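Q: Adding 143 to a residue's 1-based position in the sequence shown gives its number in my numbering.
By construction, the Cβ of each residue, glycine as well, lies at the ideal position given by its N, Cα and C atoms.
Source: prediction; values computed, not measured.
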Amino acid sequence: MDYKEEQLQEIEVLESIYPDELTQVSTQYPGVRFEVRLKLDLVPHDDSSFTADSLSVDHYLVVKVHLPETYPEVVPEVEIECEEEPKGGAYDDEDEDDNDEPEEIEYDEHGNPIEAKLTNLPDQIHFEEYADTLVSQLEQQADEDMLIGMQMCFALVSWIKESAERWFQESLSKLEREHERKLLEREKEEQKKFQGTKVTRESYLRWREQFRKEMGLDERDSARRLAAHNGKLSGRQIFEQGLDGSEDVDEDPNV
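(1) Quick one, are the C-beta atoms of C225 and F177 less than 8 Å apart?
(2) Could you give the DSSP three-state label for P229: helix, strand or coil?
(3) Can you give the Cα-Cα distance for Y273 and V156, rounded to whole angstroms?
(4) Could you name the residues of the same chain whose beta carbon sits closer than 6 Å to that of W310, not counting the 5 residues immediately before and after it, in chain order?
(5) Alpha carbon to alpha carbon, how far is V342 from K230? Give it in angstroms, no decimals.
(6) Buried or exposed: L360, going by 16 or more other Cβ atoms within 10 Å of its Cβ?
(7) Output the distance between the C-alpha atoms of E282 and E228, rounded to the nearest integer angstrom.
(8) Measuring only the C-alpha atoms, how far is V206 from L264?
(9) Determine the closest residue to Q312 out of M358, L183, E164, with distance taken between C-alpha atoms.
(10) Excluding five sequence neighbours on each side, which residues of the same chain lie with their C-beta closer than 6 Å to the C-beta of K147?
(11) In terms of residue numbering, what span does the beta strand (DSSP E) encompassing L165 cover?
(12) Can you name, in chain order, every residue of its own chain whose Cβ lies under 8 Å from the Cβ of I154, other than the five neighbours on each side?
(13) Using only alpha-carbon positions, find the residue among M293, G292, V300, D266 that is nearest to Q280.
(14) Strictly by DSSP, which residues pair up with R355?
(15) Out of curiosity, what's the CA-to-CA distance linking S306 and L185?
(16) Using the three-state DSSP reduction, which class does D189 fall into: helix, strand or coil?
(17) Determine the direct distance from the alpha carbon of K325 to that of K304, and round the result to whole angstroms.
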């Protein structure tokens, strides 16, 4: 196999596929090097609360490829750099003015800011933590797809892009699940503030007795009943209070 011819031929093919993304670093054989700057198409899952427009930045992977002397009989050496750019390019003065305006905050019924409105989860995902994983899996991927001995750069670059986009979706779903869990925990804590001790019949009767005693309700009710009878006690009240004289009758020793 003419390795030099294989490599130069593949570079020509890649230039036609990536006319704006590919940069040749060196065409000197051995030691052919090039870079492909990939813009990631990051679209959350359909069941996500976010959309592609939720991202405030565009993510790029710069795939740096070095073709060993015996490529394509061996896997190319690859490095991946991660870049982020504000959507639409650099901020202009008008954008800066817009960013100075405070975002309107929504509150729940307890006066707490709605956290879901304050947290842009897609912007919490960064690809630096995943780049090394991609590089470490390249050789295994080439073996699984039986690419050894073939021009494989396009296949591997495509796999890198697709894997990164899939990782973004999975990472966002994980963040959303964790975020939802924290919101539910917070909601439960808030609800506890409005929940007292569980009331039973016994606890209610104890409370009622203590409350009536502290408020003097029994004495007040008694006074109201007395007033309702023009100051005269009813027969039952006289009996209950021992005012009918039955308890004070002394036995006549002469009887």
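A: In brief:
(1) No, Cβ-Cβ distance for C225 and F177 is not below 8 Å.
(2) Taken through DSSP and simplified to helix, strand or coil, P229 comes out as strand.
(3) The straight-line gap from Cα to Cα measures roughly 28 Å.
(4) Closer than 6 Å at the Cβ level, and outside the excluded window around W310, lie Y273.
(5) Near 57 Å, if we compare the C-alpha coordinates of V342 and K230.
(6) So L360 ends up on the exposed side.
(7) Cα-Cα distance, rounded: 30 Å.
(8) Spanning the alpha carbons of V206 and L264 requires a straight line of approximately 26 Å.
(9) Out of M358, L183, E164, L183 has the C-alpha closest to the C-alpha of Q312.
(10) Within its own chain, the residues whose Cβ lies closer than 6 Å to the Cβ of K147, once the five positions on either side in sequence are excluded, are Y172, listed in chain order.
(11) Judged by DSSP secondary structure, L165 falls within the beta strand (DSSP E) whose first and last residues are 165 to 169.
(12) Leaving aside the five residues that flank I154 on each side, the residues in its chain whose CB is nearer than 8 Å to its CB run, in chain order, Q167, T170, V175, F177.
(13) For Q280, the nearest C-alpha among the options comes from V300.
(14) According to DSSP, which records beta bridges pairwise, R355 is partnered with nothing at all.
(15) Between S306 and L185, the alpha-carbon positions lie close to 11 Å from each other.
(16) Three-state DSSP puts D189 in coil, outside helix and strand.
(17) K304 and K325: Cα-Cα distance of roughly 32 Å.
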